[in-house]
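This note's numbering applies: residue 9 is where the sequence shown begins, and numbers increase by one.
Think of the CB as a built atom: it goes at the ideal place given N, C-alpha and C, for glycine as much as any other residue.
Note that this is a predicted model, so its numbers are computed, not measured.
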Amino acid sequence: MTTTLTESPTAPATTLALDVDGLSIGYANGPDAVSDVSLSVGPGEILGIIGESGCGKSSVGLSLLGLLPSSASVRARRMAVAGHDLVGRSDRDLHAVRGNDVSMIFQEPMNALNPVMRIGDQIVEVLRLHGRSAGRRADRAGERARALELLRLVQVPEPELRLRQFPHQLSGGMRQRVMIAVAMAAEPRLLVADEPTTALDVTVQAQILDLLRDLRDRTGTAVVLVSHDLGVIAETCDRVVVMYAGQVIEEGTPAEVLSAPGHPYTAGLLASVPTADHEPGTDLPTIRGGITADDRARAGCRFAPRCPAARTECGQPQALRPVPGDGRRVRCVLADITEEDR
9 MTTTLTESPT APATTLALDV DGLSIGYANG PDAVSDVSLS VGPGEILGII GESGCGKSSV
69 GLSLLGLLPS SASVRARRMA VAGHDLVGRS DRDLHAVRGN DVSMIFQEPM NALNPVMRIG
129 DQIVEVLRLH GRSAGRRADR AGERARALEL LRLVQVPEPE LRLRQFPHQL SGGMRQRVMI
189 AVAMAAEPRL LVADEPTTAL DVTVQAQILD LLRDLRDRTG TAVVLVSHDL GVIAETCDRV
249 VVMYAGQVIE EGTPAEVLSA PGHPYTAGLL ASVPTADHEP GTDLPTIRGG ITADDRARAG
309 CRFAPRCPAA RTECGQPQAL RPVPGDGRRV RCVLADITEE DR
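Next up, the structure:
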């Protein structure tokens with residue numbers, strides 16, 4: 009008899025929060041949108057995934073919760089969350105993992121929260137859905153206490169008042185904090201945060217990032233942070249993965265990847281970020297062109313058509329290779345070439 013995820017024992021604390029090997033995501037009549045991606049995230053670790061629109065970073069995040077459309081074909085040698093392998097599992101099995109082991113923080117909380125339900129009712133609904141409350145009248149005081157506890161955990165001011173309010177009565181920053189509280193309700197081992205600060209101003213963005221780090225420190229929850237903002241990744245993450253055209257092209261710590269990028273694409277992303285010493289009135293450097301379907305189907309380096317350092321060897325398939333002298337891995341022939349020879 010096959011044991012379903014709902015019957016699996018709780019994973020030990022030492023189990024990786026996320027263990028993905030060879031993840032590919034495809035759609036009919038086109039090349040794969042994501043190709044052979046492997047990721048691992050330890051307990052309490054924050055992993056950042058960056059890249060321009062169309063690189064596949066959000067698709068990776070959504071696949072971890074089974075939230076891709078039915079037209080998507082998801083394949084992997086291994087895709088485990090908190091020790092539960094999701095490969096080939098039914099939607100019913102995935103339901104037991106969503107919320108309990110992995111939750112998602114969406115980019116726009118106003119679209120994720122129910123506009124006609126009070127904040128407290130939305131949190132209680134999640135508690136009941138994931139077995140954190142029996143839903144009996146006798147449990148209502150406990151449900152309210154837990155909802156208050158969650159709002160305090162995410163530092164919502166005046167939590168007793170917020171429980172009675174509707175989403176439109178809260179500021180954007182408070183709505184995002186409520187969304188995080190909802191995601192944390194079932195005490196998941198992994199949070200997937202998909203551009204959680206894009207719609208917020210700079211001050212509130214910094215507060216939300218501080219909150220994610222604080223939650224990691226206080227609860228041990230791991231985080232996969234999907235973003236296009238290099239500053240957000242540099243300030244928040246323990247490790248960073250750079251994606252291009254569905255592939256991981258560079259990975260390492262923010263200090264390694266963002267201070268001395270090994271891939272020309274990563275260097276191009278960094279060059280396009282405004283800095284304090286940028287001369288006013290001059291254009292920022294840009295990466296010419298964009299990601300195309302042909303790039304995703306390319307056998308060699310997928311960035312080669314846009315790369316200023318492209319050479320003949322780039323037409324051959326490229327593997328992630330270690331960079332001598334540090335812990336990075338880079339999918340580029342230049343990783344084996346000294347600076348003097350470039």
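Distance from the CA of Thr-205 to the CA of Ile-54, rounded to the nearest whole angstrom, comes to 16 Å. Going by C-alpha positions, Asp-237 is about 14 Å away from Ile-216. For Leu-31, the enclosing beta strand (DSSP E) stretches over residues 26-34. For Gly-52, no beta strand (DSSP E) run applies, since DSSP gives it neither H nor E. Bounds of any beta strand (DSSP E) do not take in Ser-67; it lies within the alpha helix (DSSP H) bounded by 65-71. Non-local beta-carbon contacts of Ala-230 in its own chain, meaning distances under 8 Å to residues more than five positions away in sequence, involve Ala-25, Leu-26, Val-49, Gly-50, Pro-51, Gly-52, Glu-53, Ile-54, Leu-55, Arg-197, Leu-198, Leu-199, Arg-224 in chain order. Burial state of His-176 is exposed, judged by a 10 Å Cβ sphere holding fewer than 16 other Cβ atoms.
Between Gly-254 and Gly-64, the C-beta gap is smaller than 8 Å, which places the two residues in contact. For the set Val-42, Asp-29, Ala-36, Thr-23, the Cα lying nearest the Cα of Asp-303 is the one of Val-42. In the displayed model, Gly-276 falls within a helix according to three-state DSSP.
His-286 is classed as exposed because its beta carbon has fewer than 16 other beta carbons within 10 Å across all chains shown. By the CB criterion at 8 Å, Leu-156 and Leu-135 fall outside the cutoff. About 7 Å separates the Cβ atoms of Glu-258 and Arg-339, confirming a contact at the 8 Å cut-off. Between the C-alpha atoms of Ala-120 and Arg-329 there is a straight-line separation of about 39 Å. Secondary structure of Asp-101 (DSSP, three-state): helix. Residue pairing of Leu-47 in beta bridges, as defined by DSSP: Val-28.
The segment 64-79 and the segment 260-274 do not touch, with fewer than 3 CB-CB distances between them shorter than 8 Å. By the criterion of a C-beta distance shorter than 8 Å, Asp-202 is surrounded in its chain by Ser-66, Gly-69, Leu-70, Met-112, Ile-113, Phe-114, Gln-115, Val-234, once the five residues flanking it on both sides are discounted. Every alpha helix (DSSP H) of 4 residues or more that sits fully in the segment 74-141 is shown, in chain order, as 99-105, 117-120, 127-137.
Taking C-beta atoms as the reference points, Ala-189 and Leu-158 count as a pair closer than 8 Å. At a Cβ-Cβ threshold of 8 Å, Glu-264 and Asp-334 count as neighbours.
In the three-state scheme derived from DSSP, where H, G and I count as helix and E and B as strand, Asp-202 is classed as strand. Straight-line measurement puts the Cα of Leu-137 at about 26 Å from the Cα of Pro-165.
Pairing Leu-76 with Ile-33 gives a Cβ-Cβ distance under 8 Å.
Of the candidates Pro-123, Pro-39, Val-82, Pro-123 places its Cα closest to the Cα of Arg-183.
Contact annotation, Met-87 with Val-162: C-beta distance approximately 28 Å; criterion of less than 8 Å not satisfied. In the DSSP assignment, Arg-226 falls within the unbroken alpha helix (DSSP H) covering 210-227. Between the C-alpha atoms of Arg-106 and His-92 there is a straight-line separation of about 11 Å. Per DSSP, the unbroken alpha helix (DSSP H) holding Leu-169 starts and ends at 167-171.
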